[in-house]
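Trainee: Take any residue in the sequence shown, note its place counting from 1, add 768, and you have its number in the working numbering.
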Amino acid sequence: MVASLSAAAQQVGQPHWGNSGPHDAGSYCQWPHQTGFFHHQGSWYSEYGRFFLQWYSSLLLQHADQMMGRARRVFQDAGVRLHAQLPTIHWWYNQAAHAAELTAGHYNTSSRNGYLAFCQVLARHQAGLVLTGAEMRDCEQPSYALASPETQLLQLRATAASQQVPVTLSNLSTRFDADALAEFERQSFDAASYRGIDLTHVSALSFGNMGDVMFEPQNWLSFKDWTGRLRQHNEQLRHPPRRAAASAAAQRQAAGAAAAAAAAAGAQQPVPHEAEAVPANDEREEAVVG
């Protein structure tokens, strides 16, 4: 890695930047605001910081591109879609630097969408995206963590939608309480948007971390009730109710016929107002419960 960093620094004409990583990033037990690199106006936003984070995140993107390429060559004749799971790192999401994400290699900050390049890699390989943490709520996070799993999930889904990458939602923890299951359901089926981008329905759901606790009587009943609701949502998406409405062309024809009949009779009859047609929605994306 040092050789790669050194080569990148040489390319931008700053060879001394390639000697090591940031000297002011702090230690594992320090809060972001206690470091010179990650605090609100820290060196993450300096010319050097942007260089380092760009190089650091590029290693992860290169690895993803290589792995997806190899997997695609292996499975290209099998008729299956590849998926990549991206861990949702929501601590410090409401902090300018997004310190936890930067440390993990995701160059995502309050002023930069670090997930766009990753979704472009997936789109290039015609792969889907698996996102965890669909059951998590902002109100459950400790205030000092400046966390927002809900907003981060919206950003990730919107970024995937902008690149036409299908999304599968999954859980991060093993929870069967009503709040967690309801949040998972809401994230999966409720209409939402993020910065002007309407979110499409997820392509699939995945419930992970199933073990003995799932089959405890109350948990099993909660899970069965939840999957029943998911099936109902799924059926509504597959077969949306049709609204009976004549087409605009048919209504114009009827209005014209009425006007002609009134003129022939020598009477001034009011022409029916042209009603707006309401098309049946037959093109909703299916949500598949996996």
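Even glycine gets a Cβ: it sits at the ideal position worked out from N, Cα and C.
The model shown is predicted, which means the values in this text are computed figures rather than measured ones.
(1) Quick one: complete alpha helix (DSSP H) runs, 4+ long, within the stretch 795 to 877?
(2) Report the option in Arg841, Ala771, Leu897 whose CA atom is closest to the CA atom of Pro783.
(3) Between which two residues does the beta strand (DSSP E) containing Thr936 stretch?
(4) Three-state secondary structure (DSSP) at Ser990?
(5) Please work out which residues of its chain come closer than 7 Å, Cβ to Cβ, to Val970, disregarding the five sequence neighbours upstream and downstream, and give them in chain order.
(6) Whole angstroms are fine: how far does the CA of Ala775 sit from the CA of Gln920?
(7) At which residues does the beta strand (DSSP E) containing Ala972 begin and terminate?
(8) Just curious, the beta strand (DSSP E) that Val898 is in, first and last residue?
(9) Using the Cα positions of His1061 and Pro910, report the straight-line distance between them to the nearest angstrom.
(10) Is the stretch 875 to 887 touching the stretch 833 to 850, taking contact as three or more C-beta pairs under 8 Å?
(11) Check for me: the alpha helix (DSSP H) holding Thr927 runs from which residue to which?
(12) Starting from Arg880 and walking both ways along the alpha helix (DSSP H), at which residues does that stretch end?
(13) Taking 7 Å as the limit between beta carbons, can you name the residues of its chain near Ala976, skipping five residues before and five after?
(14) For the alpha helix (DSSP H) containing Leu967, name the first residue and the last one.
(15) Buried or exposed: Trp785, going by 16 or more other Cβ atoms within 10 Å of its Cβ?
(16) Provide the residue(s) that pair with Tyr962 in DSSP beta bridges, ordered along the chain.
(17) Should Arg925 go down as buried or exposed, given a rule of 16 or more other Cβ atoms within 10 Å for buried?
(18) Is Val715 helix, strand or coil when you go by DSSP?
(19) Would you call the stretch 813 to 827 in contact with the stretch 792 to 799, where contact means no fewer than 3 C-beta pairs closer than 8 Å?
(20) Below 8 Å on the Cβ atoms is my contact criterion, and I expect Val898 with Gln931 to pass it. Report the Cβ-Cβ distance as a whole number of Å.
(21) Is Ser956 near the ligand HEM, with its Cβ less than 6 Å from a heavy atom?
(22) Using only the alpha-carbon positions, how far apart do Gly1003 and Tyr824 sit?
(23) Can you tell which of Thr942, His866, Leu922 has its C-alpha closest to the C-alpha of Ala913?
(24) Cutting at 6 Å between CB atoms, please list the residues of its own chain near Ala777, excluding the five before and the five after it.
Mentor: Reading from the atomic positions:
(1) 815 to 843, 867 to 872
(2) Ala771
(3) 935 to 938
(4) helix
(5) Val935, Thr936, Leu937, Ser956, Ala1055
(6) 33 Å
(7) 972 to 974
(8) 896 to 899
(9) Past the boundaries of the shown model lies residue 1061; the chain is included only from 769 to 1058, so the question cannot be answered.
(10) no
(11) 917 to 930
(12) Neither: Arg880 is in no alpha helix (DSSP H) and is coded neither H nor E.
(13) The sequence shown places Gly at residue 976, rather than the Ala named in the question. Ser938, Asn939.
(14) No alpha helix (DSSP H) holds Leu967; DSSP gives it neither H nor E.
(15) buried
(16) Ile965
(17) buried
(18) Since the displayed the chain opens at 769 and closes at 1058, residue 715 lies outside it and no answer follows.
(19) no
(20) Not really, about 15 Å apart at Cβ, beyond 8 Å.
(21) The ligand HEM is not part of the structure shown, which contains no ligands of any sort.
(22) In the sequence as displayed, the identity of residue 1003 is Glu instead of Gly. Each residue's Cα considered, the two are about 44 Å apart.
(23) His866
(24) Pro783, Trp785, Gly786
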